[in-house]
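Engineer: One structure, as structure tokens, below. Some questions next.
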Amino acid sequence: MVPGVRVVLLAISLTSLAPLLAGARAGGSHDIDVQIQLGDLLYAGGRYRESLEAYQRADALADGPSKTRAKMGVIRSALRLAEFDLATEHARLLQKLAPDDEDATAVRGDAAWAAGHFDEAEAMARAVLDHVPDHARARLGLARSLAGRNQLQAAFDEAQVALAAAPSDPEVHFLLGTLNQRLRRVPEAIASYTNYINLLPNKDHGTMSVWAQSEIRLLQSYGNRVPLEIDPAAAGKVHEIPFRLDRGKVIVPGRANGRPVQFTVDTGAEHTVLTVKTAERVGIRPIVTTLSAGVGEVGLRGLQVGRLDSLEIGTFKVRNVRCMVKNPPLTGLPTSETEAFSPLALGLSAELDYAARTLKIGESIPVAPADVELPLRVNRLATVRGIVND
């Protein structure tokens, strides 16, 4: 998108807002349609807190189709503001209000996905597509769900259909960026992330825009290298690696850029993780800085991101591996931070045998019978569903 176009669009939006704002101040606050139109314009301009308030005013007064539109606006705005409980609450009410409305069902699917109810979100997307095959939001929802089950090409195909139906939706371009990245299509991922940034409203250039810009810089650093390029001698095999337990942690021997490193197996790690000391020892040069969210008092922390030329775990070897450097390091911890390796972050399957003290990893591992099986989804982090205090 040309920058001048964004300025023109902003000017048009502000001009459009003027009569609506005047109407709201001059007794028009009771005009439900005015409040919904105001919410739509504010939302399109990235002013999500204000759009939420406008939709809430309309919701308090409306009934019938207008109430459906208002509640959909409340949900979309709440999701943008990370107010997931509010979005979930209104999604439940919207189901009772408009159970057969395809647009409303797609929005409820977005709320379910944001709340971690992935199965329900996929079911809603498929229900919409049964009646409206080219529904952009439903195609996007299905693509997200397929990506979470590691069906990357199928997810990409669905996202392409969503793109054809809604070429100006930044969320579609963002998903295409992540899919291209996971499919190791570097130029295409860069293009998708760039489109995402260009399509954001001016006031929405916050954390996600900065994150996307960091991803672009990181991807550009690969040059002609292929991300996560598995060594031909290791491809297609199941690798069995002995491990030891240290205070309940699984430790495996490995090499980073040819230097020996002891890695903690951490299936909750989003990427391979190195401490500052080890990163310096193996010659990692930070490329970008990003934010990582944690649980507890730490909250958000800044981390450096770099690239390993090679990573070896036992007989498994992969090149051009993204890694996170714990810099600045955390202080006051009961134990020092360690290096971490996640097979799932590399797109691998894994099997831990505590009796034999062995870790099996590979692109595909034969499925063994299990007493308990849980469906697994990868939405940046590997997740399984559970119930707490029920």
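Just add 1 to the spot in the sequence shown (first one is 1) and you have our numbering. Note that the Cβ used here is the ideal one computed from N, Cα and C, for glycine as well.
1. Considering only residues of the same chain and omitting the five flanking positions on each side of threonine 291, which have a CB-CB separation below 7 Å?
2. Are there 16 or more other CB atoms within 10 angstroms of the CB of threonine 273, so buried, or fewer, so exposed?
3. Name, in chain order, the residues that DSSP records as bridge partners for lysine 327.
4. Please find out if some non-hydrogen atom of the ligand FAD comes closer than 7 Å to the beta-carbon of arginine 77.
5. Which same chain residues end up closer than 6 Å to alanine 341 when comparing Cβ atoms and leaving out the 5 residues on each side of it in sequence?
6. What is the residue span of the alpha helix (DSSP H) that isoleucine 1 lies within?
7. Please confirm whether alanine 190 and leucine 176 have their CB atoms less than 8 Å apart.
8. Would you identify the three-state DSSP class for leucine 375, choosing helix, strand or coil?
9. Per the DSSP calculation, leucine 382 is bridged to which residue(s)?
10. If I measure Cβ to Cβ from lysine 72 and keep anything under 7 Å in the same chain, skipping five residues before and after, which residues do I get?
11. With DSSP as the reference, label phenylalanine 244 as helix, strand or coil.
12. What does threonine 359 pair with, by DSSP beta-bridge criteria?
13. Would you check if the segment 306–322 and the segment 281–288 touch, i.e. whether three or more CB-CB distances between them fall below 8 Å?
14. In whole angstroms, what is the alpha-carbon distance linking alanine 234 and serine 78?
15. Thinking C-beta only, is isoleucine 231 closer than 8 Å to valine 173?
16. My understanding is that alanine 1 touches alanine 116, with C-beta atoms under 8 Å, so please give their C-beta distance in whole angstroms.
17. Can the beta-carbon of alanine 113 be found less than 8 Å from the beta-carbon of valine 129?
18. Could you check whether aspartate 111 and leucine 80 sit closer than 8 Å to each other, using their CB atoms as the reference points?
19. Quick one: what's threonine 291 bridged to in DSSP?
20. According to DSSP, what are the bridge partners of threonine 407?
21. Do the CB positions of valine 379 and leucine 345 come within less than 8 Å of each other?
22. Alpha carbon to alpha carbon, what distance is there between aspartate 310 and leucine 229?
23. Applying the 10 Å Cβ sphere with the 16-neighbour rule, what's the burial state of glutamine 154?
24. Which complete alpha helix (DSSP H) runs does the segment 102–176 hold, if anything under 4 residues is left out?
25. Using the DSSP secondary-structure output, state which residues sit across from arginine 256 in a beta bridge.
26. Quick one: Cα of histidine 118 to Cα of lysine 327, how far?
27. Is it buried or exposed for glutamine 36, if we count other Cβ within 10 angstroms and need 16 for buried?
28. Are the beta-carbon atoms belonging to lysine 238 and glycine 315 less than 8 Å from one another?
29. Hey, how far is the Cα of glycine 300 from the Cα of histidine 132?
30. Mapping the DSSP letters down to three states, classify glutamate 216 as helix, strand or coil.
31. Starting from leucine 43, trace the alpha helix (DSSP H) in both directions and tell me its first and last residue.
32. Do glutamate 338 and threonine 276 have their CB atoms nearer than 8 Å?
33. How would you call arginine 323, buried or exposed, if buried means at least 16 neighbouring beta carbons within 10 angstroms?
34. Buried or exposed: proline 100, going by 16 or more other Cβ atoms within 10 Å of its Cβ?
35. Less than 8 Å between the beta carbons of tyrosine 194 and proline 171, yes or no?
Structural biologist: The answer reads as follows:
1. Within the sequence shown, residue 291 is the residue found at index 290, counting from 1. Taking C-beta separations shorter than 7 Å and ignoring five residues to either side along the sequence, the partners of threonine 291 in its chain run Trp212, Ser215, Leu304, Val306, following chain order.
2. Counted from its first residue, the sequence shown places residue 273 at position 272. Of the other Cβ atoms in all chains shown, 16 or more fall within 10 Å of the Cβ of threonine 273; this residue is therefore buried.
3. Looking up residue 327 in the sequence shown gives position 326. Per the DSSP secondary-structure output, lysine 327 pairs in a beta bridge with Thr276.
4. No copy of the ligand FAD appears in this structure; indeed no ligand is present at all.
5. Position 340 of the sequence shown, counted from the start, is the residue given in the question as residue 341. If we look at alanine 341 and ignore the five residues flanking it on each side, its Cβ neighbours are Thr265, Asp267, Ala270, Val274.
6. Within the shown structure, residues of the chain are numbered from 2 to 391, placing residue 1 beyond reach of any answer.
7. Taking the first residue of the sequence shown as position 1, residue 190 is located at position 189. Taking the first residue of the sequence shown as position 1, residue 176 is located at position 175. No, the Cβ-Cβ distance between alanine 190 and leucine 176 is not below 8 Å.
8. What you label residue 375 is simply residue 374 of the sequence shown in a count that begins at 1. Here leucine 375 sits in coil by DSSP.
9. Start at 1 with the first residue of the sequence shown, and residue 382 comes out as number 381. DSSP lists Asn380 as partners of leucine 382.
10. Here residue 72 is taken as the residue at index 71 of the sequence shown, counted from 1. A distance below 7 Å between beta-carbons, with the five flanking residues on each side excluded, links lysine 72 to the following residues of its chain, in chain order: Asp60, His91, Leu94, Leu95, Leu98.
11. Position 243 of the sequence shown, counted from the first residue, corresponds to residue 244. In the structure shown, phenylalanine 244 falls within a coil segment according to DSSP collapsed to helix, strand and coil.
12. On the sequence shown, residue 359 is found 358 positions in, with the first residue counted as 1. In the DSSP output, where bridge partners are listed per residue, threonine 359 has Pro243, Asp354.
13. With the cut-off at 8 Å, the segment 281–288 and the segment 306–322 touch.
14. Counting from one through the sequence shown, the residue named residue 234 turns up at place 233. Counting from one through the sequence shown, the residue named residue 78 turns up at place 77. Distance between the alpha carbons of alanine 234 and serine 78 is about 50 Å.
15. By 1-based counting over the sequence shown, the position of residue 173 is 172. By 1-based counting over the sequence shown, the position of residue 231 is 230. With contacts defined by Cβ atoms closer than 8 Å, valine 173 and isoleucine 231 do not form a contacting pair.
16. Beyond the ends of the chain as shown, which are 2 and 391, falls residue 1; an answer cannot be given.
17. Reading the sequence shown from its first residue, position 112 is the one you call residue 113. Reading the sequence shown from its first residue, position 128 is the one you call residue 129. No.
18. On the sequence shown, position 79 is the one that residue 80 refers to. On the sequence shown, position 110 is the one that residue 111 refers to. Taking 8 Å as the Cβ cut-off, leucine 80 and aspartate 111 qualify as a contacting pair.
19. Position 290 of the sequence shown, counting from 1, holds the residue named residue 291. In the DSSP output, where bridge partners are listed per residue, threonine 291 has Leu304.
20. The requested residue 407 does not occur in the structure, where the chain is confined to residues 2 to 391.
21. In the sequence shown, residue 379 corresponds to position 378, counting from 1. In the sequence shown, residue 345 corresponds to position 344, counting from 1. Yes; because the gap between Cβ atoms is below 8 Å, this pair is in contact.
22. If you number the sequence shown from 1, residue 229 lands on position 228. If you number the sequence shown from 1, residue 310 lands on position 309. Rounded to the nearest angstrom, the two C-alpha atoms are 10 Å apart.
23. Here residue 154 corresponds to residue number 153 of the sequence shown, with the count starting at 1. Under the 10 Å beta carbon count, glutamine 154 is surrounded by fewer than 16 other beta carbons and is classified as exposed.
24. Listed in chain order, the complete alpha helix (DSSP H) runs (minimum 4 residues) inside the segment 102–176 are 103–115, 119–132, 137–149, 153–166.
25. Translated into positions along the sequence shown, residue 256 becomes position 255. Per DSSP, Pro261, Glu313.
26. On the sequence shown, residue 118 is found 117 positions in, with the first residue counted as 1. On the sequence shown, residue 327 is found 326 positions in, with the first residue counted as 1. Taking C-alpha positions only, histidine 118 is separated from lysine 327 by approximately 31 Å.
27. Sequence index remark: in the sequence shown, residue 36 carries index 35 (1-based). Its Cβ being crowded by 16 or more others within 10 Å, glutamine 36 is buried.
28. Position 237 of the sequence shown, counted from the first residue, corresponds to residue 238. Position 314 of the sequence shown, counted from the first residue, corresponds to residue 315. No, Cβ-Cβ distance for lysine 238 and glycine 315 is not below 8 Å.
29. Taking the first residue of the sequence shown as 1, we reach residue 300 at position 299. Taking the first residue of the sequence shown as 1, we reach residue 132 at position 131. Its pLDDT being 45, under 50, glycine 300 is placed unreliably in this model, and the coordinates cannot settle the point.
30. Position 215 of the sequence shown, counted from the start, is the residue given in the question as residue 216. Per DSSP, reduced to three states, the secondary structure at glutamate 216 is helical.
31. Here residue 43 refers to the residue found at position 42 of the sequence shown. DSSP places leucine 43 inside the alpha helix (DSSP H), whose first and last residues are 33–45.
32. For this step, residue 338 is matched to residue 337 along the sequence shown. For this step, residue 276 is matched to residue 275 along the sequence shown. Glutamate 338 places its beta carbon less than 8 Å from that of threonine 276.
33. Numbered from 1 along the sequence shown, position 322 holds the residue referred to as residue 323. With 16 or more other Cβ atoms within 10 Å, it is buried.
34. What you label residue 100 is simply residue 99 of the sequence shown in a count that begins at 1. The residue in question, proline 100, is exposed, as its Cβ has fewer than 16 Cβ neighbours within 10 Å.
35. Along the sequence shown, read from residue 1 onward, the residue named residue 194 stands at position 193. Along the sequence shown, read from residue 1 onward, the residue named residue 171 stands at position 170. No, Cβ-Cβ distance for tyrosine 194 and proline 171 is not below 8 Å.
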